Amino acid sequence: MAENRGTLSYARGRVSGVTADFTPDRPALRSWLPGFVALAAIWGSSFLFIKVGVAELHPLHLTLYRVASGALTLLVVLAVLRDRLPRDLRVWAHLTVIAAFGVALPFTLFGYGEQRVESMLAGIWNATTPLIVLPLAVLAFRTERLTSRGAVGLGLGFVGVMVVLGVWEGVGGAHFVGQLMCFGAAACYGLAIPYQKKFIAGSALSGVSLSAAQLVVAAVQLAVVAPLVAGAPPLPTALSPKVLGAVLALGALGTGLAFVINLRNIRIVGATTASTVTYLIPIFAVLIGAVVLDERLTWHQPVGALIVLLGVAVSQGLIGRRRRPIAAGTGTPMAPAAEPATR
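Okay, so the sequence shown: first residue is 1 according to UniProt numbering, each after it adds one.
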């Protein structure tokens, strides 16, 4: 996908864009590695919290509560930073599209998917996002050129998807449908990322401001749609402590704190290195699902995941001379400042 061509601005502690090629001179590992691993763990654990949440909540209600708590968290961060929400109506119009395809739809689809599949498998499907971003960036948004390396990476990714699905075993059934829903969530990220690259990246607004606005819009969208589809959401006091904790972890931790950590990583090591967190997210998702929920994968799912990640690495130039940033969904909202691994 296209390289970021934004600029860094820290005069007021704000990130108004990220240049992918910007990297400080050899920062010490201890200055960024703990935050890098913590971010992978937070985003990797999101799939566990979704699995816990949908045990009691309709996927739309879970997404509504998750997005609302995340929006509140980032609004608090905005207040602390003395930043503000966008004022340009055109920005809000674009954020309406990004909120729908980058937040509301994928979060909900992962919820529906995890009613049918293991949380660790949802984490694997999340890693396919960059393979969807590239063809859309090339064909629809014209923000990227398809190179031979990109074509090879896409081919490997397609093979990996087929292996994860286990197509030789036949298609159909709830488990297969659940996998398609998780893949659909990744596809939503794949649409939202190049859209925001074309219409939002380069904005003078901070990443925190744009992401907070994005979550506010998504919360409004969900507040309208959720009652129509799933009925009135239950009061938070009606939820079990376990589910309530999962909702708060998804929103406040997986969105608010994780976003701040991600921006810090980008500031220290640059967007290219920070974006490689994509490779750790499915690993944490699998480990957490196995340890906490006692989930198990069949042999072809982790094998397919490795092929998918290899395809991502090839298509994004992480294998070879030229390193380029990757964008992936994590089940978290995307920051226009950096195209981080959303999630």
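Ideal placement from N, C-alpha and C gives every residue a C-beta, glycine not left out. This structure is a prediction, so every number in the text was calculated from the model and none was measured.
Proximity test, Cβ basis, 9 Å: residue i and chain C
i, result
"Ala246", "Among the protein chains of the structure shown there is no chain C, as only one such chain exists."
Rounded Cβ spacing between residue i and residue j (contact assumed at less than 8 Å)
i, j, result
"Met181", "Leu121", "In fact, because the Cβ distance is near 11 Å, the residues do not count as touching under 8 Å."
"residue 351", "Leu62", "The shown model of the chain, from 1 to 343, leaves out residue 351, and the question about it has no answer."
"residue 379", "Ile98", "The structure shown does not extend to residue 379, since the chain spans only 1 to 343, so no value can be given for it."
"Leu250", "Ser46", "6 Å"
"Leu57", "Val229", "Between Val229 and Leu57 the Cβ distance is about 13 Å, and since that is not below 8 Å, they are no contact."
"Val133", "Pro194", "6 Å"
"Pro106", "Ala185", "4 Å"
"Lys198", "Ser119", "Rounded, the Cβ-Cβ distance is 33 Å, inconsistent with contact."
"Leu215", "Val312", "Not quite, the Cβ-Cβ distance comes to about 26 Å (not below 8 Å), so this is no contact."
"residue 350", "Cys188", "Outside the displayed range of the chain (1 to 343) lies residue 350, so it cannot be described from this structure."
"Trp43", "Gly254", "7 Å"
"Gly178", "Gly113", "5 Å"
"Leu154", "Ser315", "6 Å"
Extent of the continuous alpha helix (DSSP H) to which residue i belongs
i, result
"Val163", "Ser148 to Leu165"
"Ser45", "Leu29 to Gly53"
"His175", "Gly173 to Phe199"
"Thr276", "It is not in any alpha helix (DSSP H) - Thr276 carries neither H nor E in the DSSP assignment."
"Glu114", "Leu105 to Glu114"
"Leu205", "Run containing Leu205: none; DSSP gives neither H nor E here."
"Ala99", "Leu89 to Ala99"
"Phe259", "Ala258 to Val269"
"His300", "His300 to Ser315"
"Ile132", "Thr129 to Leu139"
"Ile124", "Ser119 to Asn126"
"Gly102", "From DSSP, Gly102 is part of no alpha helix (DSSP H); its letter is neither H nor E."
"Ser69", "Pro59 to Leu81"
"Gly245", "Pro241 to Leu248"
Residue nearest to residue i in terms of C-alpha spacing, selected from the options
i, options, result
"Leu239", "Phe47, Arg145, Tyr65 and Trp32", "Tyr65"
"Gly173", "Ala68, Ala127 and Val117", "Val117"
"Val80", "Gly44, Ser31 and Val260", "Val260"
"Val303", "Ala246, Leu95, Gly166 and Ala232", "Gly166"
"Ala232", "Leu60, Glu114 and Ala40", "Leu60"
"Leu39", "Leu205, Asn265 and Ala100", "Asn265"
"Leu293", "Pro34, Phe49 and Leu205", "Phe49"
"Arg82", "Ala100, Val37, Leu205 and Gln115", "Leu205"
"Gln221", "Gly160, Pro27 and Ala100", "Ala100"
Burial state of residue i, where buried means 16 or more other Cβ atoms lie within 10 Å
i, result
"Ala327", "Confidence at Ala327 is low in this model, with a pLDDT of 47, below 50, so the placement of that residue should be treated as unreliable; the coordinate-derived value is given next. Its Cβ being crowded by 16 or more others within 10 Å, Ala327 is buried."
"Glu169", "exposed"
"Ile200", "buried"
"Arg90", "exposed"
"Thr128", "buried"
"His175", "exposed"
"Pro24", "Low confidence applies here, because Pro24 scores a pLDDT of 46, under 50, leaving its location unreliable and the question unanswered by this model."
"Val76", "exposed"
"Thr237", "exposed"
"Arg267", "buried"
"Pro130", "buried"
"Pro241", "exposed"
"Ser148", "exposed"
"Leu29", "exposed"
"Leu235", "exposed"
"Ser31", "exposed"
"Ser203", "buried"
"Ala93", "exposed"
Discussion item. With a threshold of 8 Å, are at least 3 pairs of Cβ atoms found where one atom belongs to the segment 287-304 and the other to the segment 127-142?
Written reply: These segments do not touch.
Item to complete: Examine the Cβ distances between the segment 214-229 and the segment 276-285 and report whether three or more of them are shorter than 8 Å.
Response: Counting C-beta pairs with one atom in each stretch, the segment 214-229 and the segment 276-285 have fewer than three that are closer than 8 Å, which means they do not touch.
Worksheet entry | the segment 77-87 / the segment 200-215 touching (three or more Cβ pairs under 8 Å) | In short, these stretches touch, since the Cβ pair count reaches three.
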